[in-house]
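To start, the structure under review is shown below, and the notes come after it.
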Amino acid sequence: MIPELRQDFNRNRFRPEAYRSMLHGLDAVSRTHVSFPIAETPCFFPKSLLDEMAAIGAELALRLIDNPVYLAASLAAIPEQWRAADQDAHPHFLTADFGLVREADGRLAPRLVEMQAFPSIFGFQWVLSEAYRSAYGLNPSLRFLFSGLTESSYWKLLERVIVAGHDPETVVLADVQPAAQKTLPDFHVTADRLGIRIVDVAEIEPEDRGARVTPRLTYPNGRRRVPIRRIYNRAIVDELVRRQIPLQFDYRESFDVEWAGHPNWYFHLSKFSLPWLDHPAVPRAVFLGDWLRDKPGGNIRNRLPADRNLWVLKPLYSFAGQGIVFAPSDRDLAAIPASRHSDYLLQERVTFEPAIDTPEGATQAEVRILYCWPDRGELTPATALVRLGRGKMMGVDHNRGLSWVGASAAFFF
0 MIPELRQDFN RNRFRPEAYR SMLHGLDAVS RTHVSFPIAE TPCFFPKSLL DEMAAIGAEL
60 ALRLIDNPVY LAASLAAIPE QWRAADQDAH PHFLTADFGL VREADGRLAP RLVEMQAFPS
120 IFGFQWVLSE AYRSAYGLNP SLRFLFSGLT ESSYWKLLER VIVAGHDPET VVLADVQPAA
180 QKTLPDFHVT ADRLGIRIVD VAEIEPEDRG ARVTPRLTYP NGRRRVPIRR IYNRAIVDEL
240 VRRQIPLQFD YRESFDVEWA GHPNWYFHLS KFSLPWLDHP AVPRAVFLGD WLRDKPGGNI
300 RNRLPADRNL WVLKPLYSFA GQGIVFAPSD RDLAAIPASR HSDYLLQERV TFEPAIDTPE
360 GATQAEVRIL YCWPDRGELT PATALVRLGR GKMMGVDHNR GLSWVGASAA FFF
């Protein structure tokens with residue numbers, strides 16, 4: 000992407016022993032083994048391209064948040080059991096994933112893959128970026144934090160969003176069996192840095208309901224239960240449903256607790272939003288139910304290319320690329336029950352440019368811009384996570400056995 004830096008890294012800076020040492024160091028800092036693939040290389044992007052992605056993601060998110068018709072429609076689409084009470088005015092976190100395409104004039108341009116109002120690996124990404132810098136002796140002028148952030152102000156921003164002035168003992172990072180999650184390295188880094196607790200969401204329970212008009216939620220800490228003031232929510236509803244995790248509290252009930260990442264925003268800003276967005280950087284998309292109800296040649300059907308090889312069928316709410324079908328046939332569409340037509344999306348498939356030159360060949364990069372939005376603050380692009388891949392998709396399963404793929408970092412001058 001920045002040719003001189005790319006060539007210098009491939010020819011002069013990469014050393015297998017430095018890479019292996021970096022991986023060991025990541026395990027040590029994370030206090031656990033990092034089980035997801037870490038790419039051998041960081042990426043070097045023009046600042047203008049990263050700024051363009053960050054601006055597009057913010058523009059699209061704010062467009063949706065300021066649209067009451069959209070918010071009402073996306074709220075109605077949340078399964079009733081998971082329509083949580085006491086929604087905040089805005090999400091505390093946002094991620095916007097972009098691939099790169101080659102325009103007719105030769106310019107590389109971003110295309111939105113997905114937006115999600117949900118936290119990502121803010122803690123581990125900082126550690127990974129610094130590990131690349133140290134392992135390979137990168138130019139100290141290279142940066143990976145946006146919005147003029149420094150190490151100190153980056154962590155203060157995260158503390159402001161996650162802890163929000165509460166006693167850290169009363170702030171929990173909650174997920175489904177967190178010790179078994181691949182994101183455990185991020186949990187450890189975040190908890191160590193901010194002093195908060197990591198808690199299995201299934202262990203959170205209301206206190207004695209007779210004690211208060213609005214009950215509090217608590218978590219176990221040895222023999223006592225500690226009241227929770229704020230939940231850094233990392234529990235994905237899709238996983239709760241898929242694994243049939245029993246909870247001791249009901250999302251629909253009001254509790255005397257704050258959410259750092261209210262559960263409803265996971266649904267509001269998601270694949271559900273794609274058909275509502277008309278923007279050059281957003282591939283065309285339609286809801287499966289709308290497409291099936293439309294007549295051949297109708298306005299909805301005409302939004303997609305005639306060639307089905309250029310289609311992707313996606314479930315609205317899933318993670319790790321589960322349930323995605325490329326070039327879906329009539330048989331694929333018919334296999335989805337009518338009751339679930341509103342849970343799927345048909346989207347224009349975009350061919351991304353393999354723009355990262357590596358010793359194993361040209362490699363695609365998916366860039367995730369990570370934003371924070373503190374209470375009484377502004378939506379702030381903080382840093383970027385990069386995933387490198389040469390498979391059909393960017394996920395681990397589609398790049399198994401390959402090298403120079405996996406999680407990476409975005410550096411710029």
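Position 154 of the sequence shown, counting from 1, maps to 153 under numbering that gives the first Met the number 0, and the rest follow consecutively. Built from N, CA and C at the ideal position, the CB exists for glycine as well. All of these numbers come straight from a predicted model, not from anything done at the bench.
In the DSSP assignment, residue 269 falls outside any alpha helix (DSSP H), carrying neither H nor E. Rounded to the nearest whole angstrom, the CA to CA distance from residue 327 to residue 108 is 27 Å.
Check the Cα spacing between residue 27 and each of 188, 125, 121, 36: the tightest is with 188. Our two residues, residue 239 and residue 284, have alpha carbons roughly 27 Å apart in a direct line. With contacts defined by Cβ atoms closer than 9 Å, residue 259 and residue 222 do not form a contacting pair. In the structure shown, residue 56 falls within a helical segment according to DSSP collapsed to helix, strand and coil. Between residue 93 and the set 64, 75, 76, 25, the nearest pair of CA atoms involves 64. Between residue 116 and residue 344, the beta carbon gap of about 17 Å keeps them out of contact (Cβ cut-off 8 Å).
Taking residue 18 as the centre and dropping the five residues before and after it, the same chain places the C-beta of 39, 134 closer than 8 Å to its C-beta, in chain order. For the options 146, 340, 316, 207, the alpha carbon positioned closest to that of residue 289 is the one of 340. Residues of the same chain with a CB within less than 8 Å of the CB of residue 217, apart from the 5 flanking positions on each side, are 203, 204, 205, 206, 224, 225, 226, 227 in chain order. In this chain, the beta strand (DSSP E) harbouring residue 387 covers 379-388.
Of all C-beta pairs linking the stretch 180-195 to the stretch 121-131, three or more are shorter than 8 Å, placing the two stretches in contact. The stretch 141-160 and the stretch 361-377 touch, with three or more beta-carbon pairs separated by less than 8 Å. For residue 12, same chain residues with a beta-carbon under 6 Å away, outside a window of 5 residues either side, are 135 in chain order. Bounds of the alpha helix (DSSP H) holding residue 16 are 15-29.
Under DSSP, residue 345 shares a beta bridge with 285, 312.
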